[in-house]
Amino acid sequence: NADENELKAIASEPEETHVYNVADFSIMSTIVDGLTRKVCAGVEQQDKDIN
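Every position in the sequence shown, counted from 1, becomes a number in this note's numbering once 722 is added.
See below:
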């Protein structure tokens, strides 16, 4: 298992929304859609900020 404190130490702020720790990979599928939307929205915003 991963050490949650180590994950938080290397994560971007805010760690509450950037650190995911699940018991096994099958559970990960329950958060993939939301995580994908957050990542894409963040990339789109950065693109707007640059241009």
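From the three backbone atoms N, C-alpha and C, an ideal C-beta is built for every residue, glycine too.
Linking Phe747 to Gln768 through their CA atoms gives a straight-line distance of about 30 angstroms. Residues of the same chain with a CB within less than 8 angstroms of the CB of His740, apart from the 5 flanking positions on each side, are Ala733 and Ser734 in chain order. Residue state for Asn727 is assigned as helix, using DSSP reduced to three classes. DSSP places Ala733 outside any alpha helix (DSSP H), giving it a letter other than H or E.
Thr758: member of the alpha helix (DSSP H) spanning Val754 to Ile772, first to last residue.
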